[in-house]
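Inspection log for the structure reproduced underneath, given as structure tokens.
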Amino acid sequence: MNSCTVALLVVFGVSVIFASPPQFRIVGGNEAKPHEFPFLVSLTLVGTEANNCGGAILSERWILTAGHCIYQYDEVAYYIIAGKHDLSVKEPGQQIRSGKKFIAHPDFDIEIVGPNDIGLIYLSEPLEFSETVQPVALPERESIPKGLAVVSGWGSTSLGLEPAFTDRLRTAVVPILDYETCAKALKDTTFDRTNLCSGPLAGGVGHCSGDSGGPLVQQVNGKMTIVGVISWAYTPCGSPNTPPAFTRVSHFVGWIHRTMKKYN
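Numbering-wise, the sequence shown is residues -19 to -1, 1 to 245 according to mature numbering (1 follows the signal peptide of the UniProt record, and there is no 0).
Next up, the structure:
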């Protein structure tokens, strides 16, 4: 998986493999077009140079990610790399920053992961917006996304227990399932109304190990909008009737704005 210690946790009697902290990656998708998602960043571990999580650019100084991606790390743990497509090569438009402040949601609990799994990174130096580095829009407060959405990340494409990592960004189009469908399929987990899940229930598509913190996006009023943050999934990834879970961003828009205002 990378340098993180792998642990087998049992959540309400259901075996789920997490890393410490949990990580997830894309399965069943396709390679993205270079710089198709200019708001996406890689949280790369200093020392190992391994992609550990994703994130989304909100402004020149702010990155939105999952709470579990930053909860157990200090600010020098990551390089935050924007403007990337292929992690194995240095690309002309890439920008590398470090974090000045990691802020997990105050109600996030690493022991249960699911609810409130959202966090912000305040960068030590601002990004310079360009063709390959751009922000994503936030949704309206408490809006409930429907229809198709797009997920992206640099993770494993494996449908089995052994990960198969990728250096080139991959993406998949997934249907957002309604709350009742998600809650029924994930009834033995911590899934709640601040979460989203994606289909299809037949499996074969979704996030998996290492993509945590990455964005689920839709076009809303002509703007690419982040409606979800990758949170957790069952393994093997893409298994039938175990839809992967996201944090629903619209529930946390107020907290995001208050936090950004406080530190700005």
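In this text, a Cβ means the ideal position worked out from N, Cα and C, and glycines have one as well.
Return the CA-CA distance between residue i and residue j, expressed in angstroms with no decimal places.
| i | j | result |
| --- | --- | --- |
| residue 163 | residue 209 | 14 angstroms |
| residue 7 | residue 219 | Confidence at residue 7 is low in this model, with a pLDDT of 49, below 50, so its placement is unreliable and the value that follows should be read with caution. So the alpha carbons of these two residues sit roughly 9 angstroms apart. |
| residue 195 | residue 96 | 16 angstroms |
| residue 18 | residue 199 | 12 angstroms |
| residue 247 | residue 206 | A question about residue 247 goes unanswered here, because the residues of the chain that appear run from -19 up to 245. |
| residue 193 | residue 212 | 6 angstroms |
| residue 168 | residue 110 | 42 angstroms |
| residue 94 | residue 113 | 32 angstroms |
| residue 33 | residue 82 | 18 angstroms |
| residue 124 | residue 201 | 11 angstroms |
| residue 157 | residue 131 | 10 angstroms |
| residue 224 | residue 127 | 15 angstroms |
| residue 58 | residue 84 | 14 angstroms |
| residue 228 | residue 73 | 32 angstroms |
| residue 133 | residue 13 | 8 angstroms |
| residue 148 | residue 45 | 22 angstroms |
| residue 55 | residue 11 | 33 angstroms |
| residue 197 | residue 80 | 23 angstroms |
| residue 153 | residue 120 | 20 angstroms |
Between the Cα of residue i and those of the options, spot the shortest distance and give me the residue it belongs to.
| i | options | result |
| --- | --- | --- |
| residue 16 | 122, 82, 151 and 83 | 151 |
| residue 252 | 179, 199, 104 and 73 | Outside the shown range of the chain, which is -19 to 245, sits residue 252, and nothing can be said about it. |
| residue 37 | 118, 90 and 76 | 118 |
| residue 50 | 72, 102 and 166 | 102 |
| residue 165 | 155, 154 and 177 | 177 |
| residue 171 | 242, 204, 214 and 75 | 214 |
| residue 75 | 55, 129, 115 and 48 | 115 |
| residue 242 | 30, 108, 53 and 43 | 43 |
| residue 69 | 120, 135, 244 and 153 | 135 |
| residue 52 | 245, 91, 40 and 39 | 91 |
Evaluate residue i with the Cβ neighbour count: other Cβ atoms within 10 Å of its Cβ, from every protein chain shown; 16 or more gives buried, anything less gives exposed.
| i | result |
| --- | --- |
| residue 78 | buried |
| residue 35 | buried |
| residue 239 | exposed |
| residue 88 | exposed |
| residue 179 | buried |
| residue 203 | exposed |
| residue 155 | buried |
| residue 28 | exposed |
| residue 129 | exposed |
Ignore the nearest five residues each way along the sequence and tell me which others in residue i's own chain have a CB closer than 7 angstroms to its CB.
| i | result |
| --- | --- |
| residue 122 | 231, 234 and 235 |
| residue 174 | 160 |
| residue 71 | none |
| residue 40 | 116 |
If I measure Cβ to Cβ from residue i and keep anything under 6 angstroms in the same chain, skipping five residues before and after, which residues do I get?
| i | result |
| --- | --- |
| residue 182 | 222 |
| residue 106 | 78 |
| residue 184 | 219, 220 and 221 |
| residue 48 | 85, 86, 89, 98, 99 and 100 |
Spatial neighbours of residue i within its chain, please: CB distance less than 8 angstroms, with the 5 preceding and 5 following residues excluded, ordered by chain position.
| i | result |
| --- | --- |
| residue 246 | Any question about residue 246 goes unanswered here, given that the chain covers just -19 to 245. |
| residue 244 | 82, 84 and 103 |
| residue 108 | 38, 41, 42, 63, 76, 78 and 114 |
Would you check if there are 3 or more beta carbon pairs closer than 8 angstroms linking the region 17 to 26 to the region 53 to 68?
yes
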